[in-house]
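Novice:
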């Protein structure tokens, strides 16, 4: 039989199966998190957040052309791009498994003919392992969205497959071209993601095994050390220090020689190219093969890395999305080093309770200023009172979590034992092992796990084991049982992988050590390097996809172990066929059947529709302040790609504290005018007024923001105070701020509804709610001072109050955005949230808002269903109640029916069950009794079953679900009142029974 032909055909077949699967289940538009930014930036070749992914953006830009001018389909085709990359990854995984498996039955130097049974075993291993990874939880999630991880996985797969091809042909002339290919792909992969570089130590081991005549422990250790050194050279030497040397060359050429910006960097680049050319020529001329292949590999890595020139070129074009504006070599260096995000200590660092004992200077930060580079500010570091080697519990922001996790009392200092306990218990246990078990044992639900036994854990489906571990699996509510994210594999994929590893270690110790090294460096080594703090904003399993890739090699080899076992009873051919069929059932088929429902995003549109709802809540030519990733990135997508409401200027407050972003806001983009900040950019450039500290000058009364801006922006000595360092700095002299309102301007610009014009205040007064003034705070104050109500100003409803400088009492809800209005409609202390423009909100809900198909989607992810509480309570419920209080019963009835049609027909969270009470009350009052009863029955069942579940858990884990139980108790009381008013006696009897059951909890909570 023709091994090569079968191997090629089956490799392409499993890749096609994977690609079709991903295309069928991919999201047709943008997703949550980074995809909105990536799609928008790829479409117009713009600059994404650090450290960038230029090659990814350029390739995705090619896929965008398949939309054929239909901008609403651009996201779909970019998601297809990820699906294709993922399908190719599966193809290369298949060929990797078959290449490794084949070596057990043939030698590299000979071409023995494989028996039919062995051929089936090898191909079966490839199919099972590749398809197991196809349907695995983590990889499938990344495969169906326009994110870097699918393309990064492809780079990893190609590189690992490439080293096996080199190994196969190493004795042939020109075989080292495979090493050059590997180096080039690695260089290219830097323009996607750095995860691919972690394959280098495994490559070093393959080369050592293939080239050495005698394998020794010392030789293996030396090869590993060399591999790690090469990894370090690429990771720091090529990626960072090449640019750093270029930067300081430019500094010398510009500041010392008086030449133009970029001349020093160009000279350095030419010098590097020249040295490489000379070195390659010298190694060829003097027959130094190791030097030759090393220099050629380095040259191709740098050549691949050159994709980052796209960042510099496009930054100079000032695109709409231009993160960090890396238009010169120093800002580019900062961009690559991710300096915006800070550093985590790796070798030595503080404990979370340590206090600084000394501060010392570590370097300069440069900026372009005129025709020179100048020092913008200094870099500093600290000596600490309480430090350690291998620091794992270092973040003072997470002290309370550390203390709870480690059972440390107030004031009790942590020790190295605590440090290691957190490392093994949280960083390895929670942030790696849990993810590993998700993929090969099962997943409890789709809720993000923050250390709770009821969220995001792994389960097997074998209840006795789960009962011991979780203490609550035997009392599952219906909502948990029906959760599409609940996937049980009964340990079967894990067992396949373990027996496959046993088979390989028994028959291929060298190759097994290589796969183990790949498994380690793409898994636990990342845990060591990332040194993650607790309470991450999202699950981070995507970072470990390479480790799960390596384990699926062993899952495939489990076929061969089973075949060997069956061959004791069956002939070789039938044993191989039986092993393949059994493994398919226990691996890919089981994984696909369990994971399909919660990985099918084909009916999801909420990320896009939420962004449109934010924009539709805004009047024309508005300024919209957003805050988080899931607010901002979808907004960027719908404006930049779909061209939706480009008149609204979206301003991300978490970026607005950066000088480059504040400057960008002073320029028009698309159809949106520049922000009326009117501050000289020289006064807020990097290193100048990065922050302004509050220093109470005991000024009586409130101070006009115009005067405060003058004080904070003045260069006059009289407006500054001397710091302990001896330097003089601007300050905020009072937190009591005010702004005199031009009523004529408010009325002429239709800032407030006509019926509210009598409520316009003469002066807005508020208290600043922070300790420092950032550039974002300065910008908001300047906009208010200069705008004179010509442009509407909004904040998204999800923007934290801390970022509103104290203006929250003047914000009026118009749906998903709150408009700044100078009105006083309620007495002080009578309103707990923003006032609502009822008619405006009603019009938006009925005529403008869309709901992402959440009522009909077969599956909603947590990032989507967490919004339902807002929809049911704030958007629909409160608006309906306000309409009823205004006597607009017809409109209220239309609104509650709209809610019934557009909200899901199931309950996801306890907070959601609580939020529905105002909506069902409005349903009863408008005569929609049957619909209200349906929702109440559903929510009461959810509350009753989940409260019982939480009580079972509390038997072994007291207070674990305290927050959810408080929501449940509050919901019960609310439903008692609503059902009493609606005279729904049967349901009232049920809710009273629930209340009596948990009355002791209610009384304890209110003591």
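Numbering (my numbering), first residue to last: 24 to 1030. Every residue gets a Cβ at the ideal spot worked out from N, C-alpha and C, and that includes glycine. Being a predicted model, the structure only gives us computed values, none of them experimental.
Taking the alpha-carbon positions, what's the residue 603 to residue 59 distance?
Specialist: Taking the straight line from one Cα to the other gives about 41 angstroms.
Novice: With which residues is residue 715 paired in a DSSP beta bridge?
Specialist: Its beta-bridge partners are 796.
Novice: For residue 566, which residues of its own chain have a beta-carbon under 8 angstroms away from its beta-carbon, when the five flanking residues on both sides are left out?
Specialist: Excluding residues within five positions, the ones whose Cβ falls inside 8 angstroms are 218, 549, 553.
Novice: What are the start and end residues of the beta strand (DSSP E) that includes residue 382?
Specialist: Taken as a continuous stretch (DSSP letters only), the beta strand (DSSP E) holding residue 382 covers 379-392.
Novice: Could you check what DSSP says for residue 548 in three-state terms: helix, strand or coil?
Specialist: Residue 548: helix per DSSP, three-state reduction.
Novice: Could you tell me if residue 139 is buried or exposed, where buried requires 16 or more neighbouring beta carbons within 10 angstroms of its beta carbon?
Specialist: That one is exposed.
Novice: Alpha carbon to alpha carbon, how far is residue 262 from residue 299?
Specialist: Those two C-alpha atoms are separated by around 17 angstroms.
Novice: How about the stretch 69-78 and the stretch 350-361: do they share at least three Cβ pairs that are nearer than 8 angstroms?
Specialist: Yes, they touch.
Novice: Which parts of the stretch 561-648 are runs of the beta strand (DSSP E), unbroken and 3 residues or longer, counting only runs that do not cross its ends?
Specialist: Listed in chain order, nothing qualifies, since the stretch 561-648 has no complete beta strand (DSSP E) run of 3 or more residues.
Novice: Name, in chain order, the residues that DSSP records as bridge partners for residue 320.
Specialist: Residue 320 pairs with nothing; no bridge assigned.
Novice: For the structure I just gave you, are there three or more beta carbon pairs, one from the stretch 99-110 and one from the stretch 366-376, closer than 8 angstroms?
Specialist: In short, these stretches do not touch, since the Cβ pair count stays below three.
Novice: How would you label residue 106, buried or exposed, when you count the other beta carbons within 10 angstroms and need 16 or more for buried?
Specialist: It counts as buried.
Novice: Rounded to the nearest angstrom, what separates residue 573 and residue 624 at their Cα positions?
Specialist: Going from the Cα of residue 573 to the Cα of residue 624 covers about 26 angstroms.
Novice: Alpha carbons only, please: which of 456, 508, 425, 441 is nearest the one belonging to residue 556?
Specialist: Closest by alpha carbon: 425.
Novice: From this set, 609, 66, 934, which residue's C-alpha is nearest residue 92's C-alpha?
Specialist: Per the Cα distances, 66.
Novice: Among 805, 746, 814, which residue has its Cα nearest to the Cα of residue 771?
Specialist: With distances taken between Cα atoms, residue 771 lies closest to 814.
Novice: Could you have a look at residue 406 and say whether DSSP puts it in helix, strand or coil?
Specialist: Of the three classes helix, strand and coil, the one that applies to residue 406 here is strand, per DSSP.
Novice: CB residue 919 to CB residue 945, shorter than 7 angstroms?
Specialist: In this structure, residue 945 lies closer than 7 angstroms to residue 919 by Cβ.
Novice: Where does residue 884 land, buried or exposed, given buried means 16+ other C-beta within 10 angstroms?
Specialist: Buried is the call here.
Novice: Answer yes or no: do residue 515 and residue 578 have a C-beta to C-beta separation smaller than 7 angstroms?
Specialist: For residue 515 and residue 578, no; Cβs fall outside 7 angstroms.
Novice: Are the beta-carbon atoms belonging to residue 351 and residue 391 less than 7 angstroms from one another?
Specialist: Taking 7 angstroms as the Cβ cut-off, residue 351 and residue 391 qualify as a contacting pair.
Novice: Sort out for me which residues DSSP pairs residue 744 with in a bridge.
Specialist: 752, per the DSSP bridge assignment.
Novice: Going by alpha carbons, who is nearest to residue 199 out of 149, 618, 510, 313?
Specialist: Nearest of 149, 618, 510, 313 to residue 199, Cα basis: 313.
Novice: Suppose contacts are defined by Cβ-Cβ distances below 7 angstroms. Is residue 110 in contact with residue 153 by that definition?
Specialist: In this structure, residue 153 does not lie closer than 7 angstroms to residue 110 by Cβ.
Novice: Three-state secondary structure (DSSP) at residue 96?
Specialist: Three-state result, residue 96: helix.
Novice: For residue 559, does the three-state DSSP call read helix, strand or coil?
Specialist: Looking at residue 559 - three-state DSSP - the assignment turns out to be coil, as it is neither helix nor strand.
Novice: Just the Cα atoms here: how many angstroms apart are residue 254 and residue 413?
Specialist: If I take the Cα positions, the gap works out to 21 angstroms.
Novice: Along the alpha helix (DSSP H) that carries residue 965, what are the first and last residues, could you check?
Specialist: Start and end: 952-977.
Novice: Measure how close the beta-carbons of residue 228 and residue 258 come, nearest whole angstrom, since I'm counting them as under 8 angstroms.
Specialist: Actually they do not touch by this definition, with Cβ atoms about 18 angstroms apart.
Novice: Where does residue 1034 sit, in a helix, a strand or coil, going by DSSP?
Specialist: Residue 1034 cannot be examined here, being either before or after the span of the chain that is shown, 24 to 1030.
Novice: Applying the 10 Å Cβ sphere with the 16-neighbour rule, what's the burial state of residue 851?
Specialist: Confidence in residue 851 is poor, its pLDDT being 44 and thus under 50, which makes the residue's placement unreliable; the coordinate value appears in the next sentence. Classification for residue 851: exposed.
Novice: Going by other Cβ atoms of all chains shown within 10 Å of its Cβ, with 16 needed for buried, is residue 599 buried or exposed?
Specialist: Classification of residue 599: buried, given that the 10 Å Cβ count is 16 or more.
Novice: Specify, as a first and last residue, the run of the alpha helix (DSSP H) that residue 662 falls within.
Specialist: From DSSP, the alpha helix (DSSP H) with residue 662 extends over 652-663.
Novice: If you check the beta carbons only, do residue 149 and residue 115 fall under 7 angstroms apart?
Specialist: No, the pair does not count as a contact, with Cβ atoms beyond the cut-off.
Novice: Taking 8 angstroms as the limit between beta carbons, can you name the residues of its chain near residue 379, skipping five residues before and five after?
Specialist: Only 405, 406, 407, 408 meet the Cβ criterion.
Novice: Apart from the five residues just before and just after residue 26, which ones in its own chain have a Cβ nearer than 7 angstroms to its Cβ?
Specialist: Excluding sequence neighbours, residue 26 sits near 137, 142.
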